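Numbering of the sequence shown is given in the UniProt record's numbering, commencing with residue 1 and proceeding in unit increments. Quick reminder that beta carbons are idealized off the backbone N, C-alpha and C, glycines included. The structure presented is a predicted model; accordingly, all values stated were derived computationally and were not measured. Reading through the structure tokens given below for one structure.
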Amino acid sequence: MNHIPAAPMPDGIRHSLRAKQHPARAVPCPHCGAHAHRPCTTPSKRRLMPQPHPQRISSWAQAVACCPECQVTPGVPCHADGWPLRNGDTHPRRHVEAQEMAA
């Protein structure tokens, strides 16, 4: 009997199957360097973190949601009076928007 390789799983289905994981794991972590779909780690890389780093959550929100506060599109960093927010942060309203899109 021949083994037929499975077709690649579409990202939409993959994310719904990983519903117990935080949706921010879909992007790499700029803080600890964890790859997409892998958990964040401590600086020593010995322990896995139960939740993503705040920088990863901001990066994910920036990648998937528009910001209602500064009116930027997905992929564009949030700003205040034309200046980017410190450390790549995003407005809290953008986090809410991203959570609603993930639900």
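Please go through the same chain and pick out, in chain order, the residues whose beta-carbon is closer than 7 angstroms to the beta-carbon of residue i, but skip the five residues on each side of it.
i           : result
residue 157 : The chain is shown from 1 up to 103; residue 157 falls before or after that span and cannot be answered.
residue 35  : 28
When the cut-off is 9 angstroms and only beta carbons count, does residue i lie next to chain B?
i           : result
residue 101 : Checking the listed chains, one finds no chain B in this structure; it contains a single protein chain.
What three-state label does DSSP hand residue i in the structure shown?
i          : result
residue 26 : helix
Leaving out five residues on either side along the sequence, give the residues of the same chain with a beta carbon under 8 angstroms from the beta carbon of residue i.
i          : result
residue 74 : 62, 63, 64, 65 and 66
residue 98 : 23, 60, 61, 64 and 65
residue 43 : 32
With distance defined between alpha-carbon atoms, name the residue in the options nearest to residue i.
i          : options           : result
residue 29 : 11, 56, 37 and 71 : 56
residue 21 : 38, 34 and 58     : 38
residue 93 : 8, 36, 69 and 103 : 69
Nearest-angstrom Cα distance between residue i and residue j?
i           : j           : result
residue 51  : residue 71  : 28 angstroms
residue 111 : residue 6   : Past the edges of the chain, shown from 1 to 103, lies residue 111, and the structure says nothing about it.
residue 47  : residue 27  : 19 angstroms
residue 89  : residue 83  : 12 angstroms
residue 87  : residue 77  : 10 angstroms
residue 79  : residue 101 : 21 angstroms
residue 33  : residue 54  : 13 angstroms
Complete runs of the alpha helix (DSSP H) confined to the UniProt region "Disordered" (82–103) [at least 4 residues]: 92–102
Alpha helix (DSSP H) runs contained entirely in the stretch 47–82, provided each spans 4 or more residues: 54–64
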